[in-house]
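Enquirer: Going by my numbering, the sequence shown opens with residue 142, and the numbers climb by one from there. I'd like to ask you about the structure that follows.
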Amino acid sequence: MRGGPQAVFAALSSRCQGRVDVRASGRIVSTFVLCSLLVFSFCVPAGAAGIDPLYQESLDRLQEDLKSKGFTSDELTKIFSDSRFELYPEIVKRTGKGINYLGRRFGLLTKQSIKRGKNMLAAYGDALRSAEKTYGVQKEIIVAILRVETNFGAATGVYPVLNSLVTMAVVENRRSEWARKEVAELLTICKEQDRDPFSIRGSWAGAFGISQFIPSSYVKFAVDGNGDGRIDLLTMGDAVASVANYLKSHGWEKDDQRLKWQAVYAYNHCDSYVKAVFVYAKAMMK
Numbered sequence: 142m143r144g145g146p147q148a149v150f151a152a153l154s155s156r157c158q159g160r161v162d163v164r165a166s167g168r169i170v171s172t173f174v175l176c177s178l179l180v181f182s183f184c185v186p187a188g189a190a191g192i193d194p195l196y197q198e199s200l201d202r203l204q205e206d207l208k209s210k211g212f213t214s215d216e217l218t219k220i221f222s223d224s225r226f227e228l229y230p231e232i233v234k235r236t237g238k239g240i241n242y243l244g245r246r247f248g249l250l251t252k253q254s255i256k257r258g259k260n261m262l263a264a265y266g267d268a269l270r271s272a273e274k275t276y277g278v279q280k281e282i283i284v285a286i287l288r289v290e291t292n293f294g295a296a297t298g299v300y301p302v303l304n305s306l307v308t309m310a311v312v313e314n315r316r317s318e319w320a321r322k323e324v325a326e327l328l329t330i331c332k333e334q335d336r337d338p339f340s341i342r343g344s345w346a347g348a349f350g351i352s353q354f355i356p357s358s359y360v361k362f363a364v365d366g367n368g369d370g371r372i373d374l375l376t377m378g379d380a381v382a383s384v385a386n387y388l389k390s391h392g393w394e395k396d397d398q399r400l401k402w403q404a405v406y407a408y409n410h411c412d413s414y415v416k417a418v419f420v421y422a423k424a425m426m427k
């Protein structure tokens with residue numbers, strides 16, 4: 142689910158603001174309606190208005206599952222009654238497939254794109270050499286993955302990851318079971334690090350950071366690459382080291398092309414993605 146850079150979609154729901162011509166004879170009525178709406182907005186529990194009753198039962202089951210994993214009722218009530226919590230049912234049908242990474246539209250092999258990759262090699266040379274020495278992963282491959290994933294951090298995603306994962310967990314689909322586990326992982330990360338779960342933004346598929354890790358990958362493979370005592374995948378040093386650790390943990394061997402291909406394929410189960418990573422890495426070496 143890490144995938145290439147996800148398209149940045151427009152707002153998930155739009156609110157139309159019409160121009161109201163309030164005439165003298167209707168001012169009292171309009172004022173009453175406006176005041177009534179304001180009062181009503183304060184009476185409705187935060188977040189409740191945005192949840193379709195169709196999904197409430199599944200959401201309740203998810204919360205019971207989270208309780209069994211150690212989260213308290215108070216903790217869950219605080220999260221799921223937050224005004225920022227909402228579901229995005231439309232993302233369930235997305236697959237992330239069909240991206241032509243080597244196509245003109247993606248722009249991977251333009252002169253400017255390759256130059257930016259070379260600039261990254263120079264700018265973050267120390268971090269890349271350290272990762273290469275520690276994990277044995279070629280620095281050009283690391284840079285290539287960061288280019289394909291998020292364009293070096295320019296497109297890390299706009300969705301609150303919690304909302305995306307909860308949506309996939311409660312809207313019945315083939316990802317539901319997987320997403321339920323990822324929700325628990327994400328909330329555990331936030332609880333341990335005292336982070337606001339709505340502050341983590343990423344792709345519609347639940348991946349975040351420059352390296353686009355899903356929560357379980359963060360727990361297993363993210364590392365503190367810059368030595369500041371914390372792991373933040375929005376910092377290049379940590380993203381670089383984490384990519385290298387992920388690939389090494391998935392069988393990367395610098396002298397075995399087959400194992401290298403398999404390791405990158407584990408990052409994103411797409412042959413065209415893997416090909417694009419190796420082609421871009423080679424282009425930076427010219």
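All C-beta atoms in this analysis are idealised placements derived from N, C-alpha and C, irrespective of residue type, glycine included. Given the structure is predicted, the values throughout are model-derived calculations rather than measurements.
#1: Can you tell me where the alpha helix (DSSP H) with G198 in it begins and where it stops?
#2: Grouping DSSP H, G and I as helix and E and B as strand, with all else coil, what is Y421?
#3: Could you please give the first and the last residue of the uninterrupted alpha helix (DSSP H) stretch that includes L249?
#4: What is the DSSP secondary structure of F349, counted as helix, strand or coil?
#5: If contact is defined by three or more beta carbon pairs under 8 angstroms, each pair taking one atom from either stretch, is the stretch 198-213 in contact with the stretch 374-381?
#6: Evaluate N386 with the Cβ neighbour count: other Cβ atoms within 10 Å of its Cβ, from every protein chain shown; 16 or more gives buried, anything less gives exposed.
#7: Do the CB positions of A424 and L250 come within less than 8 angstroms of each other?
#8: Mind checking P356: buried by the 16 CB within 10 Å criterion, or exposed?
#9: For Y242, which of helix, strand or coil comes out of DSSP?
#10: Quick check: what's the CA-CA separation for Y276 versus P194?
#11: What whole-angstrom Cβ distance do V312 and L217 have, given they're in contact under 8 angstroms?
#12: Can you grab the Cα-Cα spacing for the pair L200 / L375, in whole Å?
#13: Please state whether the Cβ-Cβ distance between V278 and W393 is less than 8 angstroms.
#14: Count the other CB atoms within 10 Å of the CB of R245; is the residue buried (16 or more) or exposed (fewer)?
#15: Please classify C157 as buried or exposed, where buried requires at least 16 neighbouring CB atoms within 10 angstroms.
Expert: In short:
#1: A small fix is needed here, since residue 198 is Glu in this sequence, not Gly. Its alpha helix (DSSP H) spans residues Q197 to S209.
#2: helix
#3: First-last for L249: undefined, no H or E at that position.
#4: strand
#5: no
#6: buried
#7: yes
#8: buried
#9: coil
#10: 49 angstroms
#11: Actually they are not in contact, since the Cβ atoms of V312 and L217 sit about 19 angstroms apart, beyond 8 angstroms.
#12: 30 angstroms
#13: yes
#14: exposed
#15: In this prediction, C157 has a pLDDT of 34, which is less than 50 and means its spatial position is unreliable; nothing more can be read from the coordinates.
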